[in-house]
Amino acid sequence: MESKICAQLYSLLKTNQKRSAEVLKQMSEIGFDGVELMGTDTCGMTTQEYKKYIADLNLDVVSSHNLKTVQDFEWAQEMDIHHTDIRPDLGDGSYDAVMRACEEMNREGEERAKYGIYSALHNHSQEFRKVTGREADEDRIYDLLIKNTDPKYVGFELDCGWCAFAGCDPVEYVKKYPGRFPLVHVKEALRSAYCDDELEHFPKDVLKLGKPMPPQNPKAAKEGFLADINYFTEEQAAIMYWGRHWNGRLGEGIINWKALSDALEAQGIEAYICEREYFSYEGGGDAYTCAKQDYEYLKHLLGR
1 MESKICAQLY SLLKTNQKRS AEVLKQMSEI GFDGVELMGT DTCGMTTQEY
51 KKYIADLNLD VVSSHNLKTV QDFEWAQEMD IHHTDIRPDL GDGSYDAVMR
101 ACEEMNREGE ERAKYGIYSA LHNHSQEFRK VTGREADEDR IYDLLIKNTD
151 PKYVGFELDC GWCAFAGCDP VEYVKKYPGR FPLVHVKEAL RSAYCDDELE
201 HFPKDVLKLG KPMPPQNPKA AKEGFLADIN YFTEEQAAIM YWGRHWNGRL
251 GEGIINWKAL SDALEAQGIE AYICEREYFS YEGGGDAYTC AKQDYEYLKH
301 LLGR
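Just so you know, UniProt numbering puts 16 at position 16 of the sequence shown, and the rest follows in order with no gaps.
Here's what the structure looks like:
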């Protein structure tokens, strides 16, 4: 079966799920084969109406992030969604904490499989740190997670940009662990991190200004997370923009996309999911243009 070229809605929506109907239509117009959703919001439609709306746009839903409860899994069944992300607690990054995370992933993966859902860990950069007190490359947290999880229940949605930003080569990971990557996030890295502090998902300077706030807070910026995650002040958002400025247009960074796509096709890949960090175009670009650029690049790369 030919792999699909898909779009992740997270950054396109700037986390405003109420706009997903509009954005889905735009992704269809660009030519994407499918999408990865961000949760269970259906834009005021019933689940069946939403499913039909997406199907009528000739889009497949290859995955949805942020499915956590039995109700979410039952919704995914109704939507015919068979992949979701899994985010274990890595604790202090020690060997024991990582092994507990592996047990958690195996347990959760087996439970989700009862609903026909395959779990895949979506990484950021922290997973490529080495286990506390260890120095060998094979002692990176990500390697231990792969080696100690059951492929029957747990896969990995390799975010290539975060991997490269952490100073690792996504090509080498796919070659080292073939078959563990049913999905990938196609994201460019213009550089690797300057220091270990940059590997934090939320820069320390952001957190110094306070924890992300709920949307009803009058100081919250106009755009933010509608669900239960984060809202930033305008000052925090500006720092986040510079903290994500390593992400850019496909083909203009440090990732060898030809070698990576060859390795992925060799191991079998269901979907390439394009995503840019939404703060990376906050400074003047727009989401639609970014998505179209990435789609055209990937389409040419794969000879479609």
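Just so it is clear, CB atoms sit at the ideal spot from N, CA and C, and this is done for glycine as well. Being a predicted model, the structure only gives us computed values, none of them experimental.
| Asked | Found |
| --- | --- |
| Span of the beta strand (DSSP E) around Gly34 | Gly34 to Met38 |
| Cβ contact check for the region 195–207 and the region 285–299: 3 or more pairs under 8 angstroms | no |
| The alpha helix (DSSP H) enclosing Ser11, as first and last residue numbers | Leu9 to Leu12 |
| Simplified DSSP assignment, three categories, for Asp85 | strand |
| 7 angstroms CB neighbourhood of Asn58 in its chain, flanking five on each side removed | Ser28 |
| 7 angstroms Cβ shell around Gly116 - same chain, five flanking residues per side excluded | Gln77 and His82 |
| Cβ separation of Glu277 and Ser20, assumed to be a contact under 8 angstroms, to the nearest whole Å | Wrong, their Cβ atoms sit about 19 angstroms apart, outside the cutoff. |
| Residues sharing a beta bridge with Val154, DSSP | Ser119 |
| Euclidean distance between Cα positions of Met105 and Ala237 | 32 angstroms |
| Supposed contact pair Arg140 and Lys152 - C-beta distance, whole angstroms, cut 8 angstroms | No, Lys152 and Arg140 are not in contact; Cβ-Cβ is about 23 angstroms, not under 8 angstroms. |
| Alpha helix (DSSP H) segment containing Asp262, residue limits | Trp257 to Gln267 |
| Cβ pair Asp85, Ala120 closer than 8 angstroms | yes |
| Exposure label - Ala101; buried when at least 16 CB within 10 Å | buried |
| Status (buried if at least 16 other CB within 10 Å, exposed otherwise) for Lys147 | exposed |
| Rounded C-alpha distance that separates Ala263 from Ser64 | 25 angstroms |
| Stretch pair the region 183–196 + the region 37–55: three plus CB contacts closer than 8 angstroms | no |
| Opposing strand residues paired with Ser63 [DSSP bridges] | Glu36 |
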